[in-house]
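Taken in sequence, the protein lines are chains Z and U. Letter by letter, the first sequence follows residues 2 to 151 of this note's numbering. Letter by letter, the second sequence follows residues 2 to 151 of this note's numbering. Every residue, glycine too, gets a C-beta built ideally from N, C-alpha and C.
Protein chains: 2
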Amino acid sequence: MSLLNDIIEKLRTKGCKITPQRRIIIQSLLKLDKFPTALELCNDIRQTNPEIGLDTVYRNLGLLVNMGIVNQINLHGKDTKVFELALGEHHHHLICLNCGTASCLDYCPVDEKELQKTVGLRFEIIGHSLELYGYCQKCKALTSLPQRLK
Amino acid sequence: MSLLNDIIEKLRTKGCKITPQRRIIIQSLLKLDKFPTALELCNDIRQTNPEIGLDTVYRNLGLLVNMGIVNQINLHGKDTKVFELALGEHHHHLICLNCGTASCLDYCPVDEKELQKTVGLRFEIIGHSLELYGYCQKCKALTSLPQRLK
DNA sequence: CTTTCTGCAAAAGCTTTGCAGGGTG
DNA sequence: CACCCTGCAAAGCTTTTGCAGAAAG
Numbered sequence: 002m003s004l005l006n007d008i009i010e011k012l013r014t015k016g017c018k019i020t021p022q023r024r025i026i027i028q029s030l031l032k033l034d035k036f037p038t039a040l041e042l043c044n045d046i047r048q049t050n051p052e053i054g055l056d057t058v059y060r061n062l063g064l065l066v067n068m069g070i071v072n073q074i075n076l077h078g079k080d081t082k083v084f085e086l087a088l089g090e091h092h093h094h095l096i097c098l099n100c101g102t103a104s105c106l107d108y109c110p111v112d113e114k115e116l117q118k119t120v121g122l123r124f125e126i127i128g129h130s131l132e133l134y135g136y137c138q139k140c141k142a143l144t145s146l147p148q149r150l151k
Numbered sequence: 002m003s004l005l006n007d008i009i010e011k012l013r014t015k016g017c018k019i020t021p022q023r024r025i026i027i028q029s030l031l032k033l034d035k036f037p038t039a040l041e042l043c044n045d046i047r048q049t050n051p052e053i054g055l056d057t058v059y060r061n062l063g064l065l066v067n068m069g070i071v072n073q074i075n076l077h078g079k080d081t082k083v084f085e086l087a088l089g090e091h092h093h094h095l096i097c098l099n100c101g102t103a104s105c106l107d108y109c110p111v112d113e114k115e116l117q118k119t120v121g122l123r124f125e126i127i128g129h130s131l132e133l134y135g136y137c138q139k140c141k142a143l144t145s146l147p148q149r150l151k
């Protein structure tokens, strides 16, 4: 069974209706090889389906994030978020301070159980997010590196 | 020497002018016992200095962040940021999914050197941010816990 | 005196919402 | 056929910017 169908099925189970727009939005997320912002995703979709509104994209991304099907990644300092399908294992992101692209790090150095011991009773840990900032291979090679981590 | 003076001195060294507004903004940051948003900080300031503009607060927070005097914390999902003085050691934050308040965790489980080895040459790590999400002591005790980590 | 900073106002994003019509189950 | 979803348009928020005057060094 395809990933698309898996996701559709999950939505159906939770009582969501399956509309053409939803299919297209999920397909586009599956297809893209970068993590898009809501606007980028919408632009991509509009190349073939110009009738789909940006608000529909936002509404559905919100829905998918709530269902745990999509992850929302905060870029450092930037006020826009990028989205990725939450398909694989728990992982983190390497975010380039120069070009802003995010790539995956299939490794998590955070042991929540251990941390919970450190924290004690004052806080109940449910999850965490970790972003690594730096320079990707391409930008590392540039002669004029921009300002360092702010 | 007071913290205020330390910061003022640092600004002076970098060629920034010391204006009454700057003093007040820094004092207010020092005084508040929570991490404020730009708007909250401005409201606090305006109780005693109603003539200071929100845009001035934004401009100065930006300046202080760039100089490494202030840290900017992303709240999960929220589109507003909160600010804290970067006085002590490198540390992270516990962010309550219910009430949204952030508290400090004086411990960092992330070994950047070790991570750099894992990542290899494809990315040069400069820094990282880690936020822990969950419920604070107060909200943990509530009978009706809200939805879990989105 | 020169340069930086402020306050005002307006603009500029990104994201959300009200509403009426249309599609899904 | 009831309810959910879409598209449109407008509004809402946070944050940024242009500009002229004021202040700091």
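Would you kindly work out how many angstroms separate the C-alpha atoms of residue i and residue j, rounded to a whole number?
i       : j       : result
S29(U)  : M68(U)  : 18 Å
K118(Z) : F124(Z) : 10 Å
H93(U)  : N50(Z)  : 43 Å
V71(U)  : L64(Z)  : 34 Å
L12(Z)  : I19(Z)  : 8 Å
E115(Z) : Y108(U) : 12 Å
T14(Z)  : T38(Z)  : 27 Å
L88(Z)  : L42(Z)  : 18 Å
P147(U) : G128(Z) : Only weak support exists for where P147(U) lies, its pLDDT of 43 falling under 50; the value from the coordinates is given anyway. Each residue's alpha carbon lies about 15 Å from the other.
Q73(Z)  : H77(U)  : 9 Å
T144(Z) : Q138(Z) : Caution is warranted here: a pLDDT of 48 is assigned to T144(Z), below 50, making its placement in the model unreliable, and the coordinate value is therefore given only provisionally. Their Cα atoms are separated by approximately 13 Å.
T57(Z)  : Q48(Z)  : 16 Å
C140(U) : G101(U) : 10 Å
D112(U) : P110(Z) : 8 Å
K82(U)  : I53(Z)  : 31 Å
L33(U)  : Q22(U)  : 16 Å
A142(U) : I9(U)   : 42 Å
L55(Z)  : R24(Z)  : 15 Å
L4(Z)   : L31(Z)  : 8 Å
L172(U) : L133(Z) : Only positions 2 to 151 of chain U appear in the structure, and residue 172(U) is not among them; the question remains open.
N6(U)   : Y59(U)  : 21 Å
V66(U)  : C17(U)  : 14 Å
S104(U) : L122(Z) : 14 Å
L40(Z)  : I126(Z) : 32 Å
If I'm right that residue i touches residue j with Cβ under 8 Å, what's the distance once you round it to whole angstroms?
i       : j       : result
Y136(U) : N75(U)  : That belief does not hold up - the Cβ atoms of Y136(U) and N75(U) are roughly 19 Å apart, past 8 Å.
F36(U)  : E85(U)  : 5 Å
I96(U)  : N61(U)  : Incorrect: roughly 24 Å between the Cβ atoms, too far for contact.
L106(Z) : V120(U) : 7 Å
D80(U)  : D80(Z)  : 7 Å
Identify the continuous beta strand (DSSP E) that holds residue i and give its terminal residues.
i      : result
C97(U) : H93 to C97
L86(Z) : K82 to L86
I74(U) : V71 to N75
Original post:
At which residue ranges does the stretch 103-149 of chain Z contain complete alpha helix (DSSP H) runs of 4 or more residues, listed in the order of the chain?
Top reply: As summarised for the stretch 103-149 of chain Z, the continuous alpha helix (DSSP H) elements at least 4 residues long and confined to that stretch are 113-120 and 138-141, given in chain order.
Subject >> chain Z contacts made by the stretch 22-43 of chain U, where a contact means CB separation under 8 Å >> reply: Hits within the stretch: zero.
**OP:** Would you list, in sequence order, the uninterrupted alpha helix (DSSP H) runs of no fewer than 4 residues that lie entirely inside the stretch 10-64 of chain U?
**Re:** Runs found: 21-32 and 39-49.
**OP:** With 8 Å as the C-beta to C-beta threshold (strictly closer), list the residues of the stretch 114-145 of chain U near chain Z in chain order.
**Re:** For chain Z, the residues of the stretch 114-145 of chain U that bring a beta carbon within less than 8 Å of one of its beta carbons are E115, L116, T119, V120, L122, R123, F124, E125, I126, I127, G128, H129, S130, L131, E132, L133, Y134, G135, Y136, C137, Q138 and K141, in chain order.
**OP:** Give, in chain order, every residue of the stretch 44-60 of chain Z whose Cβ lies closer than 7 Å to some Cβ of chain U.
**Re:** Those would be none; no residue qualifies.
Original post:
According to a CB-to-CB cut-off of less than 9 Å, which residues of the stretch 94-105 of chain Z neighbour chain U?
Top reply: Within the stretch 94-105 of chain Z, those residues whose Cβ lies closer than 9 Å to any Cβ of chain U are, in chain order, L95, C97, L98 and S104.
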